[in-house]
Amino acid sequence: MRSIFGYCLALLLLISGLLLAPVKLSAAEVLQVREADLLLIGDQNRTYSVRLACADIIQGQEQNSIAFLRKQLPRRQKVNLMPMGSKDGLLLARVRPLGSSQDLSGLLVENELAKLNQSCIKATKPLEKA
């Protein structure tokens, strides 16, 4: 009787340990900076294009924006995506590198490479500075 109880208790602990153990989630990774506001993102075995929401690149600053994003986002940099909708079949999202307190749109604006998108300001609260 005692061994059956011990066996059931051990089995119960094993099952609850498996169910309650944290599952390792893989974050989205930057695979490529394609344009001044367009990233190729990978998430496990899917890839998709993500356009940065809330930032309109200033005309003439496209190459500087690409260089800035490539510096901020080395290949395989893990990022958090905060979806804001879609446009022309592309996901619009605020993108924040893991470990950073500010999203890329805010950094582009701060570095005078982009302006805040007016429709985004109306739809969300203004970007907060770190």
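If you're matching positions, the sequence shown starts at 55 in the working numbering and goes up one per residue.
We put the beta carbon where it would ideally sit given N, CA and C, even for glycine.
Being a predicted model, the structure only gives us computed values, none of them experimental.
Whole-angstrom distance between residue 173 and residue 115, CA atom to CA atom: 21 angstroms
Going by DSSP in three states, residue 161 sits in which element: helix, strand or coil? helix
Would you decide whether residue 81 is buried or exposed? Buried here means 16 or more other CB atoms lie within 10 Å of its CB. exposed
Where residue 99 sits in the DSSP three-state scheme: Residue state, collapsed to three classes: coil.
Buried or exposed: which applies to residue 119, given that a residue is buried once 16 or more other Cβ atoms fall within 10 Å of its Cβ? buried
Take residue 129 as the anchor and find which of 94, 161, 58 has the nearest alpha-carbon. 94
Beta bridge counterpart(s) of residue 86 as assigned by DSSP: 94
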